[in-house]
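Positions 334 to 460 (my numbering) are the ones given, in order, by the sequence shown. All residues carry an ideal CB built from backbone N, CA and C; glycine is no exception.
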Amino acid sequence: MMKPGLRLEQGPQLAVPLIFFLTAPLFLIAAGLHASLNGPEWTASRWSSATLALTHLIALGYLALVMFGALTQMAPVVAGAPLPRVVGSSRYGYGFFVAGIPLLSWGLASGQGTALWCGAWHAPSAS
Numbered sequence: 334m335m336k337p338g339l340r341l342e343q344g345p346q347l348a349v350p351l352i353f354f355l356t357a358p359l360f361l362i363a364a365g366l367h368a369s370l371n372g373p374e375w376t377a378s379r380w381s382s383a384t385l386a387l388t389h390l391i392a393l394g395y396l397a398l399v400m401f402g403a404l405t406q407m408a409p410v411v412a413g414a415p416l417p418r419v420v421g422s423s424r425y426g427y428g429f430f431v432a433g434i435p436l437l438s439w440g441l442a443s444g445q446g447t448a449l450w451c452g453a454w455h456a457p458s459a460s
């Protein structure tokens, strides 16, 4: 049952949250590949580089992308008014997330300081 104040037409066009929802499973696939290629290394310790990379692929790559996609869809509906520049800001955030998450995970897995720094810089910039 919908509340009387909710207006579904206030939501952005479907392509805005859909890109987040369609990209998120790709990070789960990447996490599965990472886990299978690293064998038992990622289960050895919770602080191993493979475990940290796997955790960030799942947490940021899947969970955060799904949450941001849902947020861009539901925030205007719950607020009752369209959010200004939701298309541009969501594309901007999406670009930073999709660039930063693999860099961060690769930097954690390989110990590459430059990739780790670039990935850590990109992911917070999206929020």
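Examine the Cβ distances between the segment 393-403 and the segment 346-362 and report whether three or more of them are shorter than 8 Å.
As far as the Cβ criterion goes, the segment 393-403 touches the segment 346-362, which means the pair count is three or higher.
What do you get for residue 386, buried or exposed, if any count of 16 or more other CB atoms within 10 angstroms of its CB means buried?
buried
Proximity to residue 454 [Cα-Cα], best of 442, 443 and 435:
435
From what residue to what residue does the alpha helix (DSSP H) around residue 409 run?
398-412
Taking contact to mean 3 or more Cβ pairs, one atom from each stretch, closer than 8 Å, check whether the segment 380-396 and the segment 436-446 are in contact.
Note that the segment 380-396 touches the segment 436-446; at least 3 beta-carbon pairs, one per stretch, sit closer than 8 Å.
Thinking C-alpha only, which one of 380, 358, 341 and 361 is nearest residue 444?
380
Residues of its chain near residue 384, where Cβ-Cβ distance is below 6 Å and the 5 sequence neighbours each way are ignored:
375
Taking residue 451 as the reference, give the member of 433, 442 and 357 with the closest Cα.
433
Quick one: residues in its chain with C-beta nearer than 7 Å to the C-beta of residue 371, no 5 flanking neighbours on either side, listed in chain order?
383
Within the same chain, show all residues whose beta-carbon is closer than 6 Å to that of residue 409, passing over the 5 residues directly before and after it, in chain order.
343, 344, 415 and 416
Here's the rule I'm using: 16 or more other beta-carbon atoms within 10 Å means buried, otherwise exposed. How should residue 423 be labelled?
buried
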